[in-house]
Amino acid sequence: MRSLLNFLAKYNNLIIFLILEGIAVYLLATGNTYHNSRFVNGIRGVTRGVEEKINNTRTYLSLREINDGIAGQNIALKNRMESLVRKENPLFFSFTDTIYKQQYVHTSSEVINNSVNRQKNFFTIDKGRLQGIQVDMAVISDNSIAGVIVGCSENYSVAMSLLNLDFKLSVRLKTNGAFGSLSWDGRNYRQAILSEIPQHIIVNEGDTIETTGYSAIFPEGIMVGTVSDFEKTGGDFYKITILLKNEFRKLHYVDVIGNMKKTEETELEKLFK
Amino acid sequence: MINSILRFGLIFILLILSQVLLFSNIQFSGYINPYVYVMFILLLPIEIPSWLLLILSFAIGLIMDFFSGSPGMHSSASLLAGFVRPYVLRSVSPRDGYEPNSDPSMITYGFRWFLMYTLLIVLVHHTALFYLEVFRFTDFFRTMLRVLLSSFFTIVFIVLIEFYRRGK
């Protein structure tokens, strides 16, 4: 017993260090996982007040840019509406059509905390479960992919940013429909890497990259960015550098998109797995 | 005793606030992220019992974790910094040892001593932090570049703050 006490007294620093480091590593191992929202829901409530104040100031300082963005979106929407109204044929599509169902539901929301300088970036938005946000909904900003919701509390949600090493997105070249997988390499917050495009496909600088809609999370045909550089690596695939359309440092207002037919699709796909 | 608790409590709050409101918002190309809050671990008195040093460094890391939403990252890095601090103090000790009841400050031990002391602890902290953040060894040298650049800026900020403290 005495030698045990002596041992404890001699190495008490090391023991405290190991215990606390154990706690930290436990938090690190369990708290950072893809869909774990415990940390998000629980403790972050304490810091949210401060985050909102910081964000208020930041938004105020960039009101001009936000207005420009909204005006641009408005024009785009008006143009789109114009083309829809003309094309619409009352024989095939009417408002009383009972077979047609809305597939995507949009919710507008404000980003209250964001980062681009880490390797695994997340951002927080000010809508939560009570406003109909759920895990695995798509987040887009300025008609371009921003991230995916990974955790919700009553009134807030946390989204994994596209600028996260764990983020994968199925995209295609708009010109010829060749599809591959987009991910961020952690280097530049303006660029991402598109891989798995075979080398017989013709790629040009400036080609548009858009989503494929294979994932049941993101709607089809949302622009992600343009090809800024491509090289042939040793294998059979290109390594294509994409200039992202979104300026992630200036993320203020985002649309959260929920797919209302997602459960139907995933249930069906589960049957054949 | 009460006086120094108040003093370090104030330093604790000021450093956290300046980190969250100011330094965490420096987002320069992903390479330069100064974490100036480490200065709290540097400033604690030399004769602080080491269990208290460990608990305080863990606490400031945990609070930073709450703000940055990265559970465990800052706490383990700053705990490591608190753990190595006695060894660093021993290895950079001036020729006639430390004076009793003194703070490890630039006024008492001079600029060169303070720079060396800051450099070692900031390097330990930032190395642990950035490698824990990436949590893989691909791009090893790029992470090292991030460590070195961020450490440089952290050290510059800490030395500037220390000069300002001396001026007062």
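For the record, the sequence lines run as chains D and R. Numbering-wise (the numbering used here), the first sequence opens with residue 1 and increments by one. Numbering-wise (the numbering used here), the second sequence opens with residue 274 and increments by one. Ideal Cβ positions, reconstructed from N, Cα and C, are used throughout, including at glycine.
Cα-Cα separation, residue i to residue j
i                 : j                 : result
threonine 212(D)  : proline 318(R)    : 59 angstroms
asparagine 117(D) : serine 341(R)     : 12 angstroms
leucine 243(D)    : methionine 417(R) : 25 angstroms
glutamine 131(D)  : asparagine 155(D) : 7 angstroms
alanine 138(D)    : glycine 72(D)     : 22 angstroms
alanine 216(D)    : glutamate 247(D)  : 25 angstroms
serine 228(D)     : glycine 186(D)    : 17 angstroms
threonine 226(D)  : isoleucine 70(D)  : 22 angstroms
proline 307(R)    : proline 219(D)    : 38 angstroms
isoleucine 15(D)  : asparagine 114(D) : 37 angstroms
lysine 250(D)     : isoleucine 299(R) : 14 angstroms
glutamine 102(D)  : asparagine 259(D) : 9 angstroms
isoleucine 278(R) : threonine 381(R)  : 21 angstroms
glycine 284(D)    : threonine 241(D)  : No answer is possible for residue 284(D): the residues shown for chain D start at 1 and end at 273.
Beta-carbon neighbours of residue i, restricted to chain R and to distances below 7 angstroms
i                 : result
isoleucine 257(D) : In chain order: nothing, as chain R lies at least about 23 angstroms away.
glutamine 119(D)  : Glu406, Val407
valine 25(D)      : Gly345, Ser349
valine 50(D)      : Val293
isoleucine 54(D)  : Leu294
glycine 128(D)    : Chain R residues near glycine 128(D): none, gap ~15 angstroms exceeds 7 angstroms.
Residues bridged to residue i [DSSP beta-bridge criterion]
i                 : result
leucine 327(R)    : Bridge partners of leucine 327(R): none, in fact.
serine 144(D)     : Ser141(D), Met223(D)
glutamine 191(D)  : Leu243(D)
asparagine 113(D) : Thr124(D)
Option nearest residue i by Cα separation, candidates the options
i                 : options                                  : result
isoleucine 314(R) : Gly342(R), Val420(R), Leu288(R)          : Leu288(R)
arginine 419(R)   : Tyr304(R), Leu290(R), Arg280(R)          : Tyr304(R)
isoleucine 112(D) : Val105(D), Gln102(D), Phe123(D)          : Phe123(D)
valine 276(D)     : Leu27(D), Gln199(D), Ile23(D), Ile133(D) : Given a span of 1 to 273 for chain D in the structure shown, any question on residue 276(D) remains unanswerable.
tyrosine 229(R)   : Arg438(R), Ser291(R), Tyr390(R)          : This structure cannot settle anything about residue 229(R), because the visible part of chain R is limited to 274 through 441.
Test: residue i CB closer than 9 angstroms to a CB of chain D
i                    : result
leucine 327(R)       : yes
methionine 346(R)    : yes
glutamate 406(R)     : yes
valine 293(R)        : yes
aspartate 369(R)     : no
aspartate 376(R)     : no
tryptophan 386(R)    : no
phenylalanine 413(R) : no
proline 359(R)       : yes
Cross-chain neighbours of residue i in chain D, by beta carbon under 7 angstroms
i                    : result
phenylalanine 356(R) : Phe17
phenylalanine 331(R) : Leu20
serine 323(R)        : Asn13
asparagine 306(R)    : Asn117
Closer than 9 angstroms to chain R by CB, residue i
i                    : result
serine 62(D)         : no
phenylalanine 122(D) : yes
leucine 243(D)       : no
leucine 28(D)        : yes
leucine 165(D)       : yes
arginine 274(D)      : Only positions 1 to 273 of chain D appear in this structure, which leaves residue 274(D) out of reach.
Contact test: residue i Cβ vs the ligand NAD heavy atom, cutoff 8 angstroms
i             : result
valine 148(D) : In the structure on display, the ligand NAD does not appear, and there are no ligands present to speak of.
8 angstroms Cβ cut-off: residues of chain D touching residue i
i               : result
tyrosine 352(R) : It should be noted that the sequence gives leucine, not tyrosine, for residue 352(R). Correct list: Phe17, Leu20, Glu21, Ala24.
Residue i: contacting residues in chain D (beta-carbon distance under 9 angstroms)
i              : result
glycine 282(R) : Within chain D, no residue comes near glycine 282(R); the closest Cβ sits about 18 angstroms away, beyond 9 angstroms.
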